[in-house]
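Undergrad: Numbering follows my numbering, with no gaps: position 290 of the sequence shown is 308.
Glycine residues also receive a C-beta, built at the ideal position from the N, C-alpha and C atoms.
Right, I'll just put the structure down here and ask away after.
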Amino acid sequence: MKSFYTNLENELHKLDEQHLFREMKIVQGASTEWVEIKGKRLLNLSSNNYLGIANHPMLKSAAIQAIQQLGCSATAARLIVGNYELYDQVERDLARFKNTEAALIFNSGYMANVGIITALVGKGDIIVSDKINHASIIDGARLSGAEILRYKHKDMVDLERCMQKAEGYRRKLIVTDSVFSMDGDLAPLPVIVELKEKYKAVLMIDEAHGSGVFGENGRGLADFYGVSDQVEIIMGTLGKALGCSGAYVAGRKVLIDYLRNKARSFIFTTGLPPAVVASIQAAIQVVQLENWRQKDVLAKASWVREELAKVGFNLLNSESQIIPILVGGNEATLEFSRRLFDVNILAVAIRPPTVPPNAARLRLSIMATHSKEDLTWAVEQIKLIGRELGII
Ligand code: PMP
């Protein structure tokens, strides 16, 4: 037994030596524009609460009311007894919001990706996946037992090469993030749709960072590109722009019926608590009623990008509210983050394995509710420290 714990200790020590050991900090008011860590007030440039609605009064009162009426738990899997009328209503609302026949709620985006992919493909099938897709897509793909081909990030020539190789497999599933979570760039969905038609494949997109931000009233990037009807499987998360928790998949009724019967991460888990589901219902309304948030977040992000690009920061090809500042080394990235922390800015360092080796970065995420003054100040501080550290 002693050697077991010693081995764990050694592994952690190795991580520490590579500046990859992770600790969690306590963040007071994590969903707001200004947070507090160890008594220090910091501008929050690391939240996925892109629209700033996680504290919205409509979401909060919906959650409180649901607790009072229904209690704190679904108490069982949805297919057993954990299914209030509210849950079916919210799935109908999600389908209406996404303009699809039906929708299904999962407990998280991670569970949705793993559940959807393993339900739809297996041995004899093939998955063709963008190289930097989210870890939950990778895990779902591995678990499915299907063959996996990964194409170079957003490289449509490479995707076509993979599709040619995929000839002969029973079902071909192309899967991509719509807005890439660590690079902030956009999948070329119209070209991907063309290729999936040409090679008779099925397309799944992950709108975790597109929902609420892109497309009419925040319907997502597929809506923005006008290709929603040609995407068989659209999933998205509810814990980011929508300010709640959980995830959805939207599509044809037959797809949703199938997933309800086959997706193990849906079947074998207790449903989300009523408070969360009620807050999702309110969030769908708020996103549409207050669509100024969507315009604001994109306008503010594009201003920040321009300012940082002008002075020579490498922002990869970000086109969204997610703005990476590429640094490279783990230690240098941590130092950049620490120096910003010292001047009251929270910009978390993202290191491998979340990003590829030597591609550590700060990941800034902009909120609709960041004030222009705060962003202007933050940009100046980032430039100043970036120069001091020789990053620009
Ligand atoms: N897909 C993508 C693209 C993500 O960025 C994330 C969250 N980081 C997920 C899925 C997982 O979502 P959740 O946090 O709801 O599990």
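Just verifying my parser: in three-state terms, what is the DSSP assignment at residue 59?
TA: Residue 59 falls in the strand class under three-state DSSP.
Undergrad: Opposite residue 52 in the DSSP bridges: which residues?
TA: 61, per the DSSP bridge assignment.
Undergrad: Pull the bridge partners of residue 346 from the DSSP assignment, please.
TA: 378.
Undergrad: DSSP three-state label for residue 255, please.
TA: Note: residue 255 maps to strand in three-state DSSP.
Undergrad: Under 8 Å, do residue 115 and residue 302 count as touching if we go by C-beta distance?
TA: Yes; because the gap between Cβ atoms is below 8 Å, this pair is in contact.
Undergrad: Between the Cα of residue 330 and those of 307, 385 and 402, spot the shortest distance and give me the residue it belongs to.
TA: Minimum Cα distance to residue 330 is reached at 402.
Undergrad: Between the beta-carbon of residue 127 and the beta-carbon of residue 265, is there less than 8 Å?
TA: It is a contact, given that the beta carbons lie within the stated cut-off.
Undergrad: Do residue 358 and residue 350 have their C-beta atoms closer together than 8 Å?
TA: Contact: no.
Undergrad: Closer than 7 Å: is that where the CB of residue 255 sits relative to any heavy atom of ligand 1?
TA: Yes, Cβ of residue 255 sits closer than 7 Å to a heavy atom of ligand 1.
Undergrad: Just the Cα atoms here: how many angstroms apart are residue 51 and residue 181?
TA: Distance between the alpha carbons of residue 51 and residue 181: 44 Å.
Undergrad: Short check: CB of residue 306 to CB of residue 231, under 8 Å?
TA: Result no, Cβ atoms of residue 306 and residue 231 do not sit closer than 8 Å.
Undergrad: Is residue 265 helix, strand or coil when you go by DSSP?
TA: It is a strand residue.
Undergrad: For ligand 1, is there any heavy atom lying closer than 7 Å to the beta carbon of residue 171?
TA: Outside the cutoff, so no.
Undergrad: Is the CB-CB distance between residue 341 and residue 319 below 8 Å?
TA: Contact flag set, yes.
Undergrad: What does DSSP give as the partner residues of residue 192 in its beta bridges?
TA: Note: residue 192 sits in a beta bridge opposite 146 and 221.
Undergrad: Give a yes or no on contact between the region 309–329 and the region 378–389, applying the rule of three or more CB pairs nearer than 8 Å.
TA: Touching, per the Cβ criterion.
Undergrad: State the Cα-Cα distance for the pair residue 87 and residue 93, rounded to the nearest angstrom.
TA: Roughly 15 Å separates the two Cα atoms.
Undergrad: Quick one: what's got a C-beta closer than 8 Å to residue 215's C-beta in the same chain, skipping five residues either side?
TA: Answer for residue 215: 248, listed in chain order.
Undergrad: If you compare alpha carbons, which of 71, 47 and 267 is closest to residue 61?
TA: Of 71, 47 and 267, the residue nearest in Cα terms is 47.
Undergrad: From residue 355 to residue 325, what does the alpha carbon distance come to, in whole angstroms?
TA: About 19 Å.
Undergrad: If residue 267 and residue 104 are in contact, beta carbons under 8 Å, what's the gap, nearest whole angstrom?
TA: About 19 Å; that fails the 8 Å criterion.
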